[in-house]
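Here my numbering is used: the first residue of the sequence shown is 1, the next is one more, and so on.
Take a look at the structure below.
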Amino acid sequence: MFGFVINKLKNRKWLNLCLLMGVALFIALFVCHPMFEKGAGNQILDRLFTDHATQQNEFPARMSREGTYSVADYPDSQSVLDKLSGYEKKWTEYVDINKVSSQQLITLSGGRADTEFGGPNNYFTIGYLPGLSEYADVVKSQTDTATFECSISEKTMDHYGLVAGEKIYLHVPDGSGKKEISFVISQICREKDINDPYWAKTLSDMGDVIFVSQDVFDEMMQYYSEDNISYSDFLMLDYRQINTENASLYDGYMEQFKDADKLYNDNIRDTLERFFTQQKTIKLMLWALELPCLVLLILFIRMISAQILSLEENDILVLRSRGATKLQVFILYLQQSGIIAFAGCVLGIVLGYIMCRAAASTDGFLRFTAKDIGTYRFVWQMLVYAVAAAVIMVLFITVPVWKKSKDAISEHSRGRISKKKPLWEKCFIDVILLALSAYLLYNYNKQKSTLAISVLENRSIDPVMILDNSIFIFAAALLCVRLTGLIILLVDRLFKKRFSPAMYASFLQLKRTRYNQGFLAVFLIMTVAGGIFDANMARTMNSNMEQRIAYNVGCDAIYNEDFRLRIQKNKDGSVSWMYDEPDFGKYESLKNEGICDGVTRVLEDERVDISAGSGSVSDAYLMAINTKEFGETAKLQSDQNDDINDAHWFNYLNELAKEPDGVIISSNLAKALGLKVGDSLNYSRYVPEAVDDDQIYASENVKVCAIVKGFPGYERYTYETDAEGNVTEQEKYLIVANYATVVEKFGMTPYSVWMNLSKGKTVDDIYKNLTSAQQLIDENKNSATVQITNGMFTLSFILSLIVCSVGFLLYWVMTLKQRELQFGIYRAMGMRMREVKAMLLNEQIFLSFLPLLAGAGIGIAATAMFVRLISIIYLPQKHNIGVNVYIYQSDMLELAGVLFVAVAVCYVVISRLLKSMKIAQALRLGEDS
């Protein structure tokens, strides 16, 4: 039996090889899913931890416990530290991750203190920090053996006006009253590396602590009548060891820690909760993006398997006539499909691994790179998916055999060409699906703002929103098949009497087979339309993201200078402050070296109050610029359709340059306060947050000289997230003033340095820690969501080209083979070869060219209807630049070129087959049948 099956496969080896290709691609796409899901999940985790560290300015994987212990139970510092170490050991027994660092701090409540050179009534806490000598540098030191030595941070020194060698007289309770203890400041310390994971609490966070040695701390405990000793313990873990496999397990353990110990805390669970939400979104996106491609491959496999089954129909009837049961015939073909599925499974696993790695390496549509894709590795779930896909393929290929095998031999005399109208055409499934797609599109467009907020809140997306375009394409394809059939009937009725014999025979064939041939038309339309939509969706997403990032940055690169803030507490209780400006000359030299074409200072402040008349706004965005330098450096990314502003933005800079006390304001600010050009307004600025959270220190009355809708670096819309994770949209108001005027009125405050790089230069030619538009674009391209989209759209587009070309060519070659007898009869009746070719060309016009053109039209229509909607997933924020649809000619030419080659090759092959066809053999074939 097995040998018989192998011989059957060999007899139609080319068809079976094409079927194997389709099965292997189907399994490969199935296998991609778990590998892509796990790889993207690990990438998301890494990104979330990194973003947390950047945004919260703390180590992203930290467990902690803060509280107090009774001195009666823990009489010395070492007993407290041992207890804290015991907690750390217990945590890591369950959360099996390597320790990066640990910070333990124990303190006594201290009390009021007088300083030798300063004022009275300062409050200090006595603390012991075991890692101080290892992780901090001594800036200044002075010893004094007559009193207890202590160390303080630079912030404590600046805030209280202390110096090395100064004495602190601390008044502490001793049970009978107050006792004075003298400390001498022996060391002024600062962190060796403030970014070291050890510094969960920085020295600035411990500004009122005077640090002593362990021996002194134990001795201080003897002076106190208090019952408790305070502690804080921070354990930093290697977050790189948290992955998709163990994230849920560790999250459960940490929940149990919190339930059992109310003093326990960590910053990992919040990150994991965001990860679980995004992981769910990734799963839905993957299935939504894979499903259209899987359907396309199923259509391809169905087309080939149907051709094979049609050719082997006689073999099935012969087997049945010789006594084989339906079950025996079914088992025979089950073995045949099993062999193909097994081979496809082996090839699919390898091919799926390669496809996933290739898709993950993309940083744009059809752009493969050599970037690090280490998170995308082989996972055991790929084997399970491969087996599941193989079983699906076996059933899909074999089940139609059961229907064929139950036919009696007498039924073979019935016509093979189905004249029965398909169910979908009877029930108007095409119209129903088209109406459903339009209804969904209408509803989603009405909910755009809600959907955008949902995406920003990291809620799960609705996969139907992505699949709606596939529903539209499929429904439109069915509708085109219906209309093509009506066109064939209409043309035949109008010109039937004028047709030549060849054309009459061609239309007769079209009428008889229009229900059977509709499958090819649907396949071609979905392939072409899907390929066009995938290309346009990917291009639109990538181009809009790049445009928005370029607009938001406003120039090629930005360097945020490090300004040192000096804060001095005066004897009268007031606080004075000033910033030390770094050397700006080093940036101006970049122009002389040919690295930059433009360099300028841009002072920015997002805590500005503006008032005019009876109206006012707060938290406006101030930019102070040098108009000439800014014009040489900054760039305003314009909208695709028209400029953002009514005139070129240089005109507004010119107006500002004429008015030293003038300002440019945003159109929304003008609307909010009822301002126009020539009006006056007043704006106020606050002291640095390190000095006071809510104190205005200066105001300025200015004249409005220009109103703009967009300006380099100005984002009109911002989004804030509350403690419960709800996102609210807010508008930002812009005011642009002259740099010299602002510095004169408000004093020197921190600014950033904007740069316009010379041609061929990159940020690597300047400094490593620059913020550049290109870096942000690259980071965005490497985000998991964008990477998955680019990768899947690229794979879908390539598979569409391959499947469409092979399927189209194979279908027509096999159709020609099946009609060999018919063509032989036509030739025997006197029809010339030229007429046979004309007949086939006419059939191709209705069965191939029209569907291809319809596919192109449907793809463009789907682009216009759905791209902006689906872009909400990737571009949920409102922006000064709207979402523009991009259609690249190169993509359309690539698709058209491949299809043209496929059609041309098909026609050449058909012509050669017709020439090689011998009438006598064809007629003898008819006699034998």
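Note that CB positions come from ideal geometry on N, CA and C, so glycine has one too.
Under 7 angstroms between C-beta atoms of residue i and residue j
i: K569; j: G161; result: yes
i: Y74; j: V80; result: yes
i: F49; j: P197; result: no
i: I304; j: L45; result: no
i: W380; j: T600; result: no
i: T147; j: S182; result: yes
i: L636; j: P712; result: yes
i: D205; j: T125; result: no
i: F330; j: W402; result: yes
i: T362; j: T741; result: no
i: Y253; j: V95; result: yes
i: N645; j: V575; result: no
i: T527; j: C293; result: no
i: L656; j: Y751; result: no
Cα-Cα separation, residue i to residue j
i: K13; j: F808; result: 18 angstroms
i: L899; j: I392; result: 30 angstroms
i: G348; j: Y385; result: 10 angstroms
i: S213; j: K201; result: 19 angstroms
i: L108; j: E632; result: 58 angstroms
i: L847; j: L840; result: 10 angstroms
i: I417; j: A529; result: In this prediction, I417 scores a pLDDT of 48, lower than 50, which makes its location untrustworthy; no coordinate-derived value is stated.
i: G111; j: K83; result: 26 angstroms
i: R912; j: S321; result: 37 angstroms
i: M465; j: A288; result: 9 angstroms
i: R269; j: Q336; result: 52 angstroms
i: F257; j: E689; result: 36 angstroms
i: F563; j: C189; result: 20 angstroms
i: V31; j: R607; result: 52 angstroms
i: K10; j: V295; result: 28 angstroms
i: Q447; j: G882; result: 17 angstroms
i: K140; j: G131; result: 18 angstroms
Beta-bridge pairing of residue i - partner residues as DSSP gives them
i: H171; result: E180
i: V399; result: In DSSP, V399 forms no bridge with anything.
i: F148; result: F183
i: R685; result: V608 and A698
i: M755; result: A557 and V599
i: N738; result: I625
i: S666; result: V708
i: V727; result: T721
i: M63; result: L235 and D266
i: W577; result: I567
i: C189; result: V138 and S153
Exposed unless 16 or more other CB atoms sit within 10 angstroms - verdict on residue i
i: V901; result: exposed
i: R566; result: exposed
i: Y333; result: buried
i: A864; result: exposed
i: E273; result: exposed
i: W199; result: buried
i: P660; result: exposed
i: T54; result: exposed
i: K817; result: exposed
i: K761; result: buried
i: E93; result: exposed
i: Y683; result: buried
i: F4; result: exposed
i: A388; result: exposed
i: M35; result: buried
i: S151; result: buried
i: M792; result: buried
i: V522; result: buried
i: R834; result: exposed
Beta carbon proximity, residue i to chain D, threshold 7 angstroms
i: S151; result: Structure shown: chain D not included; a single protein chain is present.
Residue i beta carbon near the ligand GDP (any heavy atom closer than 6 angstroms)
i: L853; result: Among the ligands in the structure shown, none appear at all, so the ligand GDP cannot be discussed.
Segments of 3+ residues assigned as beta strand (DSSP E) that fall wholly inside the segment 204 to 231: Here the runs fully enclosed are 209 to 211.
Continuous beta strand (DSSP E) assignments of at least 3 residues falling wholly in the segment 246 to 334: Qualifying beta strand (DSSP E) stretches, in chain order: 264 to 266.
query: Which ranges would you report for the beta strand (DSSP E) in the segment 85 to 160 if only whole runs of at least 3 residues count?
result: DSSP runs (the beta strand (DSSP E)) wholly in the segment 85 to 160: 99 to 115, 122 to 128, 136 to 141 and 148 to 153.
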